[in-house]
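J.: Numbered as in our numbering, the sequence shown ends at 96 without a single skipped number.
Ideal Cβ placement from N, Cα and C applies to all residues, glycine included.
Right, I'll just put the structure down here and ask away after.
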Amino acid sequence: MMTGDRASVVSRIGAVLDLRDGEVHSGLLPADKVALVAAEARRSAVAFVGDGVNDAAALARADLGVAMGISGSQAAF
C-alpha cells in the first residue's frame with residue numbers, strides 16, 4: 020500500500036488488510052510513489068490503483084494503471 024495519508028491511519032488499514040510493515044508506505048509524495056513502483060517493477064509486474072492527480076506519474080510508470088475518479092483519470096493519459 021502506497022499513500023500520502025498519515026501513518027496512523029494507514030497502519031490501521033494495513034492491519035485490517037493483513038499487510039506487513041514493509042508493505043505499508045505512508046506520507047508519500049508523488050515522486051516517492053514512482054520510485055517505489057519502479058523498484059517493485061524490477062522484481063515483477065506492477066498494478067497501481069490511484070485516485071488523484073498526484074498518482075498520475077505512478078499510474079503511468081506501472082505496468083497496469085487503474086485510475087479512479089475524474090481528475091486522476093484524465094491526468095494519467
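So what does Met21 bridge to, in DSSP terms?
T.: Working through the sequence shown from its first residue, we reach residue 21 at position 2. In DSSP, Met21 forms a bridge with His44.
J.: For Leu38, which residues of its own chain have a beta-carbon under 7 Å away from its beta-carbon, when the five flanking residues on both sides are left out?
T.: Working through the sequence shown from its first residue, we reach residue 38 at position 19. Taken in chain order, the residues that qualify are Met20.
J.: Can you tell me where the alpha helix (DSSP H) holding Gly33 begins and where it ends?
T.: Mapped onto the sequence shown, residue 33 falls at position 14. Gly33 -> alpha helix (DSSP H) spans 26-35.
J.: Keeping to the same chain, check which residues put their C-beta closer than 7 Å to that of Ala26; ignore five residues upstream and five downstream.
T.: As a position in the sequence shown, residue 26 is number 7, starting the count at 1. Contacts found: Ser45, Gly46.
J.: Helix, strand or coil for Val65 per DSSP?
T.: Here residue 65 refers to the residue found at position 46 when the sequence shown is read from its first residue. In this structure, Val65 counts as coil in the three-state DSSP scheme.
J.: Taking DSSP as the reference, what is the three-state secondary structure of Ala54?
T.: Reading the sequence shown from its first residue, position 35 is the one you call residue 54. Helix at Ala54.
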